[in-house]
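2 is the number of the first residue of the sequence shown in the working numbering; add one for each residue after it. Just so it is clear, CB atoms sit at the ideal spot from N, CA and C, and this is done for glycine as well. Below is one structure, written out as structure tokens, with a few remarks after it.
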Amino acid sequence: MEGPETVSADCQATALILVIFERLAAGGCQSYLIGCAESCAAVLIDPEISLIDRYLALAARDGLRIHYLIDTHTHADHFSATQQLSRKLDVPVAMHRASPAPFVDLRLDDGEMLMVGKHRLQVLYTPGHTLDSMCLRFEDRLFTGDTLLIGAIGRTDLPSGDPGALFDSLFNRLLRLDPELTVHPAHEYKGRSHSTLGQEIAGNPRLQVRDRSAFAEMMCNLHLSMPTHVTEALRTNMSGGKTVAQMLADAAAVVPFMPLAELKTRVEAGAGEFVILDVRERDAYEEGHIEGAKLLPRGQLELRVNQDLPDPTRRIVACCEFGRISTLATATLREMGFQRAVALEGGMKAWREAGYPIKSGRES
Ligand SMILES: [Fe+2]
Numbered sequence: 002m003e004g005p006e007t008v009s010a011d012c013q014a015t016a017l018i019l020v021i022f023e024r025l026a027a028g029g030c031q032s033y034l035i036g037c038a039e040s041c042a043a044v045l046i047d048p049e050i051s052l053i054d055r056y057l058a059l060a061a062r063d064g065l066r067i068h069y070l071i072d073t074h075t076h077a078d079h080f081s082a083t084q085q086l087s088r089k090l091d092v093p094v095a096m097h098r099a100s101p102a103p104f105v106d107l108r109l110d111d112g113e114m115l116m117v118g119k120h121r122l123q124v125l126y127t128p129g130h131t132l133d134s135m136c137l138r139f140e141d142r143l144f145t146g147d148t149l150l151i152g153a154i155g156r157t158d159l160p161s162g163d164p165g166a167l168f169d170s171l172f173n174r175l176l177r178l179d180p181e182l183t184v185h186p187a188h189e190y191k192g193r194s195h196s197t198l199g200q201e202i203a204g205n206p207r208l209q210v211r212d213r214s215a216f217a218e219m220m221c222n223l224h225l226s227m228p229t230h231v232t233e234a235l236r237t238n239m240s241g242g243k244t245v246a247q248m249l250a251d252a253a254a255v256v257p258f259m260p261l262a263e264l265k266t267r268v269e270a271g272a273g274e275f276v277i278l279d280v281r282e283r284d285a286y287e288e289g290h291i292e293g294a295k296l297l298p299r300g301q302l303e304l305r306v307n308q309d310l311p312d313p314t315r316r317i318v319a320c321c322e323f324g325r326i327s328t329l330a331t332a333t334l335r336e337m338g339f340q341r342a343v344a345l346e347g348g349m350k351a352w353r354e355a356g357y358p359i360k361s362g363r364e365s
């Protein structure tokens, strides 16, 4: 994924009340911070998890207070940041009422609106890409989620997608609005900032098929490849559960690390000041481990900890293959009271690549 990028920002008069607008891109995912310059109230639409610090920084820079965190639909292709931001900012997550996510505080329905300072954010229920898809109108801007993209439309082959419903949402709803409205989609892969409804009606190739059954047939025959991380994105966005990356980041935040070279020097000094705890499986351990390392596979950690690590005051360096499972294991050890547990930076793969000595077979 590309690095965070603020791709456009403006401050323009809408009905004599200034609007502050920021568009942020993470790869092809677009999110929007829009607010009322007079009252400093704002909403954040379709935030993505890697940009959390950037959203907070932009809101602070622009003097905005975010009042609502909104997902236009259940995303299958990126990780929503609404839940995490909601906890940080203590503001509600808003989605359409059909959203399966249990962490949604504010369930919206067609025709309803949220007040954003002096402005209105109006909900248009537009199912089709997903059952819970909605578009949002803010003055002359239309945030179209994945219902309508620039030169494209949202796919309907992912869970709860429905080509017939998308046809109705587009042709009987969205495209009947003022053609001057600007279109701001949740995805854009060619760097375009926005278009207008009129431009899409005239030039969007998917919108040229205006017969409902022909449209459905076209949508069923696109044969698109699955988005990356689809299973994990749906799992976390629908349930509020954590991504694997979040689990690792949470563990890494409470775990100190031992640099490879530092451990090598200390092992060579032979002071025996550590328990080197290898949390891989036995076959990996026997293939090559740090001399003196004790084998305790991660899967057996809680079961064998009392027997294998009787002294909670010992200094422990946990290692695994890549440095990730050992981070989780170290967090668990610390939670259990091993306050001197640390994880080996980089793991055994990095240890071998550094040319550091390994021992094979069992330890006596
Ligand atoms: Fe989507």
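Check                                                                                                                : Outcome
Delimiting residues of the beta strand (DSSP E) encompassing residue 32                                              : 30-37
When 356, 153 and 285 are compared against residue 207, the one with the closest alpha-carbon                        : 153
Residue 54, buried or exposed, once every other Cβ within 10 Å from all chains shown has been counted against 16     : exposed
Range covered by the beta strand (DSSP E) that runs through residue 183                                              : 183-186
Other residues of its chain near residue 145: CB distance less than 6 Å, five sequence neighbours each side excluded : 136, 184 and 186
Integer Cβ distance of residue 67 from residue 105, believed to fall under 8 Å                                       : About 16 Å separates the two Cβ atoms, so there is no contact after all.
Rounded C-alpha distance that separates residue 300 from residue 267                                                 : 28 Å
Proximity test, residue 147 beta-carbon vs ligand 1 heavy atom, cut-off 7 Å                                          : yes
N-terminal and C-terminal residue of the alpha helix (DSSP H) that residue 221 is part of                            : 213-221
Within the segment 152-213, ranges of the alpha helix (DSSP H) (whole runs, at least 4 residues)                     : 164-172 and 198-204
Test item: CB-CB of residue 255 and residue 344 under 8 Å                                                            : no
Any non-hydrogen atom of ligand 1 within 7 Å of residue 78 CB                                                        : yes
Three-state secondary structure (DSSP) of residue 53                                                                 : helix
Sequence-distant residues of its chain with Cβ nearer than 7 Å to residue 222 (five each side left out)              : none
Residue 146 - containing alpha helix (DSSP H), residue span                                                          : Not the alpha helix (DSSP H): residue 146 falls in the beta strand (DSSP E), residues 142-146.
Continuous beta strand (DSSP E) stretch holding residue 126: start and end                                           : 120-126
Residue 291 - containing beta strand (DSSP E), residue span                                                          : Per DSSP, residue 291 belongs to no beta strand (DSSP E) and is neither H nor E.
Residue span of the alpha helix (DSSP H) that contains residue 337, given as start and end                           : No alpha helix (DSSP H) holds residue 337; DSSP gives it neither H nor E.
Close beta carbons around residue 180, own chain, < 6 Å, minus the five adjacent residues each side                  : 198 and 199
Three-pair Cβ contact test at 8 Å for the segment 112-122 versus the segment 74-94                                   : no
Cα-Cα separation, residue 163 to residue 40                                                                          : 40 Å
Between the CA atoms of residue 313 and residue 338 - distance to the nearest angstrom                               : 7 Å
Three-state secondary structure assigned by DSSP to residue 296                                                      : strand
Outcome for residue 364 when other beta-carbon atoms lying within 10 angstroms are tallied against a minimum of 16   : exposed
For residue 25, the nearest candidate out of 353, 276 and 49 (CA to CA)                                              : 49
For residue 306: DSSP bridge partner residues                                                                        : None; residue 306 has no bridge partner.
Check whether residue 368 and residue 239 have beta carbons under 8 Å apart                                          : No answer is possible for residue 368: it lies beyond the span of the chain, which begins at 2 and ends at 365.
CB contact flag (residue 246, residue 280, <8 Å)                                                                     : no
Limits of the alpha helix (DSSP H) - the one that residue 349 falls within                                           : 348-354
Rounded C-alpha distance that separates residue 220 from residue 36                                                  : 35 Å
Cβ-based neighbour list, residue 347, same chain, cut-off 8 Å, excluding 5 preceding and 5 following                 : 261, 323 and 324
Inter-residue CB distance, residue 290 and residue 30 (contact presumed, cutoff 8 Å)                                 : Contact flag wrong, Cβ pair sits at about 42 Å.
Residue 28: CB within 7 Å of a non-hydrogen atom of ligand 1                                                         : no
Residues near residue 235 by beta carbon distance below 6 Å, same chain, minus five either side                      : 77
C-alpha distance - residue 52 paired with residue 27, whole-angstrom precision                                       : 8 Å
Residue 300 CB to nearest heavy atom of ligand 1 below 7 Å                                                           : no
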